[in-house]
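K.L.:
Residues in the sequence shown are numbered from 8 upward in steps of one, following our numbering. All residues carry an ideal CB built from backbone N, CA and C; glycine is no exception. Below: one structure in structure tokens.
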Amino acid sequence: MSRGPELKDIEHAAESLAPHIGHTPLEPSQHLTDVLGAPVYLKMENLQRTGSFKVRGATYRLSRLTPEERARGVVAASAGNHAQGVALAARELGVAATIFMPLGVPVPKLLSTRGYGAEVVLQGETVETPLRLAAEFAERTGAVLIHPYDHIDVVTGQATLGLEIFDDLPDVDTVIMGIGGGGLIAGVASALKQRAEAAGRTIRVIGVQAENASPYPQSLIEGHPVTVQTKPTIADGIYVARPGNVPFEIIKDLVDEVVTVTDDDIARALLVLLERAKVVVEPAGAVGVAAILAGKVQSTGKTVTILSGGNIDPLLLQRIVAHGLAASGRYMTIRIPLPDRPGQLVRISEIIANAGANVVEVMHTRHGQGMQINEVMIQISVETRGHEHQQVTLEALREDGYDPILIAD
């Protein structure tokens with residue numbers, strides 16, 4: 008059985024990292040408590056330096072380099088959080104850093120990585136190209152390749168987050184967090200299980216993956232890391248096709264359960280966090296909340312979910328909020344074929360208003376396949392209070408003789 012890094016090594020890592028990272032808050036969430044039926048707390052790692060837990064593992068990994076290795080510099084490949092973590096760690100420790108990033112990297116993450124002093128090379132449409140180029144750069148120059156999760160020092164650095172949770176809430180029963188390659192949950196599970204064992208109790212650890220990129224469930228069934236087919240997901244921070252070898256050996260022994268959530272679940276979670284907790288979280292950082300809202304986690308007592316990162320492009324946030332509103336039944340778009348005569352739009356608006364809904368956008372066309380010469384088509388975006396209210400609004404239109412067609416978000 009793999010216990011992961013020893014507790015004494017994790018505690019040493021915490022001491023080593025103290026000058027470089029913040030001890031992030033643990034905040035109660037009444038809304039999620041009501042949903043789960045047990046006290047829920049949010050571990051606000053989205054407020055960490057660089058906006059993500061990644062700086063923990065990166066800083067501890069670099070701190071363990073020999074003087075000769077530091078002199079050679081470090082190299083990494085990332086589309087965001089790992090890049091920023093390595094860049095800041097390198098600046099703090101006086102090490103030259105080169106970061107390979109894909110061309111489509113969000114501008115805030117690019118500017119932040121450069122702002123920490125790293126040399127950034129943009130190349131490739133996906134992160135696969137930067138990963139290859141970083142490995143080639145390391146072989147060519149002797150720079151030390153800093154992997155985002157597949158190294159025991161990185162896992163040990165991430166484990167310090169588990170110590171903080173236990174110190175702040177010693178009677179915690181369940182801790183939930185996202186899984187990408189597995190470095191975070193491997194470290195946190197190791198720290199929590201060893202602390203709990205010393206206290207004569209147990210703590211349940213649950214991992215959450217995006218449904219469209221979830222290699223861990225199948226890998227755990229087969230007993231070794233496997234590569235799975237992935238689909239696009241908004242949770243790019245945990246978008247992996249294969250578990251890391253080092254974290255997998257820890258996770259298979261220490262993590263109690265792994266569940267998956269959809270992109271709709273994640274979008275709803277981001278919306279809830281914005282409205283109820285007043286915090287901005289990136290999609291990968293919200294999957295624990297998504298699992299609670301989607302009923303994937305059962306109540307067993309005091310529960311902590313880790314908001315592992317807050318680095319989200321404002322334009323993406325705008326799209327996700329709109330998607331989350333639709334997924335929550337707060338926004339819908341409908342098309343209605345109408346006879347081409349005056350007063351129809353006014354009548355439609357009256358029906359929607361009388362149903363208590365609010366029209367926010369209207370499109371009107373006389374062109375389209377299947378339309379009669381004397382017909383027009385209107386497309387209306389409407390604010391509603393939830394799925395039941397949507398059905399009330401649609402039924403009101405039908406009762407007046409109209410045939411509204413709900414358009415998928």
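(1) Using 8 Å as the threshold, is the region 77-85 in touch with the region 139-154, meaning 3 or more CB pairs across them?
(2) For Arg348, which residues does DSSP report across the bridge?
(3) Measure the beta-carbon distance from Asn53 to Gly292 and round it to whole angstroms, keeping in mind my assumption that it falls under 8 Å.
(4) Answer with buried or exposed for Thr163, where buried requires no fewer than 16 other C-beta atoms within 10 angstroms of its C-beta.
(5) Residues in its own chain within less than 8 Å of Ser36 by CB, not counting five upstream and five downstream?
(6) For Leu345 versus Tyr338, is the C-beta distance shorter than 8 Å?
(7) Leaving aside the five residues before and after His154 along the sequence, list all residues of the same chain whose C-beta is less than 7 Å from its C-beta, in chain order.
(8) Pick helix, strand or coil for Pro35, following the three-state DSSP scheme.
(9) Flag this pair as yes or no: are the beta carbons of Gln225 and Val233 separated by less than 8 Å?
(10) Quick check on His371: does DSSP put it in helix, strand or coil?
(11) Apart from the five residues just before and just after Leu110, which ones in its own chain have a Cβ nearer than 8 Å to its Cβ?
(12) Can you tell me which residues form a DSSP beta bridge with Tyr48?
(13) For Asn365, I'd like the list of residues in its chain whose CB is within less than 7 Å of its CB, leaving aside the five on either flank, ordered along the chain.
(14) Roughly how many angstroms lie between the CA atoms of Gly64 and Gly393, to the nearest whole one?
(15) Short check: CB of Ile28 to CB of Arg56, under 8 Å?
(16) Three-state secondary structure (DSSP) at Val304?
(17) If you run the structure through DSSP and keep just helix, strand and coil, what is Leu60?
(18) DSSP state of Gly316, grouped into three classes?
(19) Helix, strand or coil, according to DSSP, for Thr102 in the structure here?
(20) Can you list, in chain order, the residues of its chain with a C-beta nearer than 7 Å to that of Pro137? Leave out the 5 residues immediately preceding and following it.
(21) Return the chain-ordered list of same chain residues with a C-beta closer than 6 Å to the C-beta of Lys200, the five sequence neighbours on each side being excluded.
(22) When the Cα atoms are used, what is the spatial distance from Val304 to Ala45?
(23) Ordered along the chain, which non-local residues of its own chain (more than five positions away) have a Cβ less than 7 Å from that of Glu34?
(24) Can you grab the Cα-Cα spacing for the pair Leu43 / Pro290, in whole Å?
(25) Which residue from Thr209, Gly92, Ala97, Leu168 puts its Cα closest to that of Gly32?
(26) Locate the beta strand (DSSP E) running through Arg211, then write down its first and last residues.
(27) Given this structure, state the Cα-to-Cα distance separating Glu229 from Tyr246, to the nearest angstrom.
(28) Measuring CA to CA, which of Gly92, Thr73, Gln386 is closest to Thr66?
(29) With distance defined between alpha-carbon atoms, name the residue in Glu382, Val195, Val311 nearest to Val426.
(30) Out of Ile414, Ala90, Gly188, Ala196, which one is the CA nearest neighbour of Ile343?
(31) Let me make sure I understand the geometry here. Which of Thr240, Gly308, Ser335 has the alpha-carbon closest to that of Leu176?
(32) Just confirm the distance between the C-beta atoms of Ile17 and Ala198, as a whole number of angstroms; I'd bet it's less than 8 Å.
P.N.:
This is what the structure holds:
(1) yes
(2) Beta-bridge pairing links Arg348 to no other residue.
(3) Contact holds; Cβ gap of about 6 Å.
(4) buried
(5) Only Val47, Tyr48, Leu49, Arg283, Ala284 meet the Cβ criterion.
(6) Result no, Cβ atoms of Leu345 and Tyr338 do not sit closer than 8 Å.
(7) Val161
(8) DSSP places Pro35 in strand when its eight states are reduced to three.
(9) yes
(10) strand
(11) Cβ contact annotation for Leu110 (same chain, cutoff 8 Å, sequence separation greater than five): Leu129, Gln130, Gly131, Glu132, in chain order.
(12) Pro35, Val311
(13) Once the five neighbours on either side are set aside, the close Cβ partners of Asn365 are Val389, Glu390.
(14) 41 Å
(15) yes
(16) coil
(17) A small correction: the amino acid at residue 60 is Phe; Leu does not occupy that position in the sequence shown. Three-state DSSP puts Phe60 in coil, outside helix and strand.
(18) strand
(19) The amino acid at residue 102 is misidentified as Thr; the sequence shows Val. In this structure, Val102 counts as coil in the three-state DSSP scheme.
(20) Ala84, Phe107, Met108, Pro109, Gln130, Gly131
(21) Leu261
(22) 11 Å
(23) Tyr48, Leu49, Met51
(24) Those two C-alpha atoms are separated by around 20 Å.
(25) It should be pointed out that residue 32 corresponds to Pro in this sequence rather than to Gly. With distances taken between Cα atoms, Pro32 lies closest to Leu168.
(26) 211-217
(27) 20 Å
(28) Gly92
(29) A query on residue 426 cannot be resolved here, the shown segment of the chain reaching from 8 to 416 and no further.
(30) Ile414
(31) Gly308
(32) 5 Å
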